[in-house]
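Each residue of the sequence shown is one higher than the one before, counting from 1 in full-length UniProt numbering.
Single-structure report; data block below.
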Amino acid sequence: MATQTQTIPITSQQDRPTIETKLGSRSAPKSDDSLKDVKAFDVTPVIGREYPEADLKEWLGSPKADQLIKDLAITISQRGVVFFRKQDGLTNDLQKKLVQRLGELSETPKESGLHIGPVSNSGRTLGGRDDEISVISSEQAKKLYKNRIFGGTKQSRKEGWHGDITFEHVPSDYAILRLAELPETGGDTFGERGNPENVGSELTAVHPVVRTNPVSGWKSIFAVGHHAKRINEVAEPESEHLLKWFTQLIVENHDLQVRYKWQNPNDVAIWDNRSVFHTATYDYDGVRTGQRAVSIGEKTYLDPNSTSRREALGTVAT
Ligand SMILES: [Fe+2]
């Protein structure tokens, strides 16, 4: 799958514990099986599910909207990412409503809302008028990340892998990216960014290395990607080694990856930022633009009683 996030240097605070535990976390929501008759296929055995004929606008207006969207949230958390084709009826407002409802119906804390970029979208040349929508633009990326992404001598693209907005104290649960047309421009903000704890200009946060996803109930490595700068409580070389190793786990195990081929305007990908990572692949000509809405989840935590996905599904000996 392909997207890209703004890059802001993040350092961990040395004086706070890296691994926080929170016992008695909320219980995983129960499925109503409302998606069982919807045409779908798993894109790979491990990750990704596509709903080739579903209409998200119709789901949002359905009398069963709450069940459908709750079950979609559970599916996204278990499959990592889901795909929908040609969602021509999905406006920015409906996209924002959908990502907000995914969180609410899977019991995200009430104080969490939609993320607002600290370097606001509307302040960018190719941004948009809505700070709750990030415009993901190949042209913008060329300007902002010229050397990092488009450097001619690079022989590795592994640095691109990331989860969205992990620089926030309360980071994202779900994100929706929709391939769309180029919007217009607007101003800047440093207000609250989707949660009362996400304020100020210091874009630094401390998160557990291994995190529990409260919707699937599964734990997985969270310290991945270019936002993760330092693992506290270990020596610098150990931290460096571990962070490299975590990225290698993703890069080297292609059975854990899924690649989404954008085919039409308004093709949609929705992923769970708590458990999966993504990167853009700049292997196309021409201009590509997407609209991204990101919702804020809960404070990160590790429930020591949670199991890995493989343990939970019985695909590995416990
Ligand atoms: Fe991203």
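Note that the Cβ used here is the ideal one computed from N, Cα and C, for glycine as well.
From a predicted model like this one, the values you see are computed outputs, not experimental measurements.
For residue i, collect the residues of the same chain with a Cβ closer than 6 Å to its Cβ; drop the 5 residues on either side in sequence, then sort them by chain order.
{"i": "V199", "result": "E192"}
{"i": "H226", "result": "E159 and H162"}
{"i": "S216", "result": "S77 and Q78"}
{"i": "residue 348", "result": "With the chain covering only 1 through 318, there is no way to say anything about residue 348."}
{"i": "P171", "result": "I165"}
{"i": "V43", "result": "E50 and V258"}
{"i": "G314", "result": "none"}
{"i": "R288", "result": "S138"}
{"i": "V99", "result": "Y174, I176, A293 and S295"}
{"i": "S239", "result": "R230 and I231"}
{"i": "Q87", "result": "L56, N266 and V268"}
Let me know the secondary structure DSSP gives residue i once reduced to three states.
{"i": "T75", "result": "helix"}
{"i": "G225", "result": "coil"}
{"i": "V199", "result": "coil"}
{"i": "S137", "result": "strand"}
{"i": "H278", "result": "strand"}
{"i": "L35", "result": "coil"}
{"i": "V82", "result": "strand"}
{"i": "L90", "result": "coil"}
{"i": "L313", "result": "helix"}
{"i": "T108", "result": "coil"}
{"i": "E252", "result": "helix"}
{"i": "S239", "result": "helix"}
{"i": "F246", "result": "helix"}
{"i": "D130", "result": "coil"}
{"i": "Q95", "result": "helix"}
{"i": "Q67", "result": "helix"}
{"i": "E58", "result": "helix"}
{"i": "R101", "result": "helix"}
{"i": "K143", "result": "helix"}
In the DSSP assignment, what are the bridge partners of residue i?
{"i": "residue 332", "result": "Any question about residue 332 goes unanswered here, given that the chain covers just 1 to 318."}
{"i": "L296", "result": "The identity of residue 296 in the sequence shown is Ile, whereas the question assumes Leu. In DSSP, I296 forms a bridge with S172."}
{"i": "T307", "result": "W218"}
{"i": "R211", "result": "S220"}
{"i": "E50", "result": "F41 and F83"}
{"i": "L114", "result": "S295"}
{"i": "H162", "result": "H278"}
Using 8 Å for Cβ pairs, my map puts residue i next to residue j. What's the rounded Cβ distance?
{"i": "N266", "j": "R178", "result": "6 Å"}
{"i": "R101", "j": "N264", "result": "Rounded, the Cβ-Cβ distance is 24 Å, inconsistent with contact."}
{"i": "D173", "j": "S295", "result": "6 Å"}
{"i": "residue 325", "j": "N273", "result": "Nothing in the structure corresponds to residue 325, since the chain is present only between 1 and 318."}
{"i": "Y301", "j": "P208", "result": "7 Å"}
{"i": "L56", "j": "V276", "result": "Not confirmed; about 20 Å, so no contact."}
{"i": "K97", "j": "L60", "result": "6 Å"}
{"i": "A312", "j": "W218", "result": "6 Å"}
{"i": "W271", "j": "G80", "result": "6 Å"}
Answer with yes or no whether the minimum CB distance from residue i to chain B is below 8 Å.
{"i": "S156", "result": "Going by chain labels, chain B is absent from the structure shown, which holds only one protein chain."}
Leaving aside the five residues before and after residue i along the sequence, list all residues of the same chain whose C-beta is less than 7 Å from its C-beta, in chain order.
{"i": "S34", "result": "K64, Q67, L68 and D71"}
{"i": "L243", "result": "A223, A228 and I231"}
{"i": "L256", "result": "V46, I47 and I250"}
{"i": "E111", "result": "N195 and P196"}
{"i": "S306", "result": "T212, G217, W218 and K219"}
{"i": "Q95", "result": "I176, R178, Q291 and A293"}
{"i": "N92", "result": "D130, I133 and Q291"}
Which same chain residues, not among the five before or five after residue i, have their C-beta less than 8 Å away from its C-beta?
{"i": "T75", "result": "L35, R49 and V82"}
{"i": "T108", "result": "D173, S295, I296, G297 and E298"}
{"i": "G103", "result": "A73, S112, D173, Y174, S295, I296 and G297"}
{"i": "R157", "result": "T279 and T281"}
{"i": "K39", "result": "Y51, P52, E53 and A54"}
{"i": "L105", "result": "P29, D66, I69, K70 and A73"}
{"i": "D32", "result": "Q67, K70 and D71"}
{"i": "V234", "result": "L242"}
{"i": "L90", "result": "L56, K57, L98, R178, N266 and V268"}
{"i": "A180", "result": "P265, N266, T289, G290 and Q291"}
{"i": "T318", "result": "Residue placement at T318 cannot be trusted, given a pLDDT of 49 that sits under 50; the coordinates are not used to answer."}
Flag residue i as yes when its Cβ comes closer than 7 Å to any non-hydrogen atom of ligand 2, and as no otherwise.
{"i": "D131", "result": "As far as ligands go, the structure on display features ligand 1 and does not contain ligand 2."}
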